[in-house]
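Here the structure is laid out as structure tokens; the discussion comes afterwards.
Protein chains: 2
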Amino acid sequence: MFSLHPESGVPLYRQLMEQIRRLIAGGQLPPGTALPSVRELALEHAVNPMTISKAYALLEAEGLLERNRGKPMTVAAGAPGAAPLARRLQQLEPQVMQLAAAAKQLELSFRDAA
Amino acid sequence: MFSLHPESGVPLYRQLMEQIRRLIAGGQLPPGTALPSVRELALEHAVNPMTISKAYALLEAEGLLERNRGKPMTVAAGAPGAAPLARRLQQLEPQVMQLAAAAKQLELSFRDAA
DNA sequence: TTGAGTGTATTAGTGTAATAATACACATAG
DNA sequence: CTATGTGTATTATTACACTAATACACTCAA
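Here the protein sequences line up with chains A and B, keeping their order. Note that the first sequence covers residues 1 to 114 in our numbering. Note that the second sequence covers residues 1001 to 1114 in our numbering.
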């Protein structure tokens, strides 16, 4: 469900946060959906459970996830759900800009990359 | 010449390394070119000189840069120089894949993003 | 020779990411 | 009630990124 890359330099809990944010905005995780358990994800990606927990806790602070004592974390009812296309494109913009910058440094057109 | 983003989570010295690698592969920094001084770059980006030095040192270990005592760092004579288009595209691939993955999580086509 | 310019080694300190091992409070099915 | 499943707080430890302040060896122009 998620893909983590420890060698990328980006903290694991941040990678997880970004992916969950996108899956919610993309509508693949509608409000009310239960997320994989901390221990399950930790085992699957050979990562410490507290690292997953950190991502969940921060997303709850953002209002995207909802805590249910003793029960799995769920996508918050107040979460935006499937965002309109414009907002989704906006969320993707930083990565597009980054790719464009890299292409320019390589003397390639953005079209070449795509 | 370079753009550093401390908030991205990617270590600064790594960001710098990636950009120098691309500028060399893109031919914008041909072999023999002198790089900006450590202190100059550090001042420009409000960063510690040793952070720049670390990037330079690692790139020298890779064979991309050349050390000249008392003189500026230069692009190594043995550096690949302007790489063929195929190799440049290959160097860009990881970022393209990353963008594609993000687009998919947002339920967007890669075409939408580009 | 002096002085300003290179990169770098050194030492010390701060903050963060991640791990490890427990332990706790709660929910729910048996 | 019990067992198993949630998430989380805690403490300690390791590693890394970055900063800071010096100091050094070297080059080169004045």
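Backbone N, C-alpha and C define an ideal beta-carbon position, used for all residues, glycine too. Here the structure is a predicted model, which means the values were calculated and not measured.
- Exclusion of the five residues before and after Pro-1072(B) leaves Ala-1034, Leu-1035, Ser-1037 as the residues of its chain whose Cβ lies within less than 7 Å of its Cβ.
- Excluding sequence positions up to five before and after Ala-25(A), its CB lies within less than 8 Å of the CB of Pro-80, Ala-82, Ala-83, Arg-87, Arg-88, Gln-91, all in the same chain and listed in chain order.
- When only Cα atoms are considered, Val-1047(B) and Leu-1012(B) end up about 9 Å apart.
- The DSSP-derived three-state label of Pro-1072(B) is strand.
- Per the DSSP secondary-structure output, Ala-1113(B) pairs with nothing in a beta bridge.
- When only Cα atoms are considered, Gly-1027(B) and Gly-63(A) end up about 47 Å apart.
- From the beta-carbon of Pro-1030(B), no residue of chain A is found nearer than 7 Å; the closest lies around 12 Å away.
- With its beta carbon at least 8 Å from every one in chain A, Gly-1081(B) lies outside the interface.
- Between the alpha carbons of Pro-1049(B) and Val-1075(B) lies a gap of roughly 19 Å.
- Measuring C-alpha to C-alpha distances from Gly-78(A) to each of Arg-69(A), Leu-65(A), Ile-52(A) identifies Leu-65(A) as the nearest.
- For Glu-107(A), the nearest CB of chain B lies under 8 Å from its own CB, placing it at the interface with that chain.
- With three or more CB-CB distances shorter than 8 Å, the region 99-114 of chain A counts as touching the region 1091-1102 of chain B.
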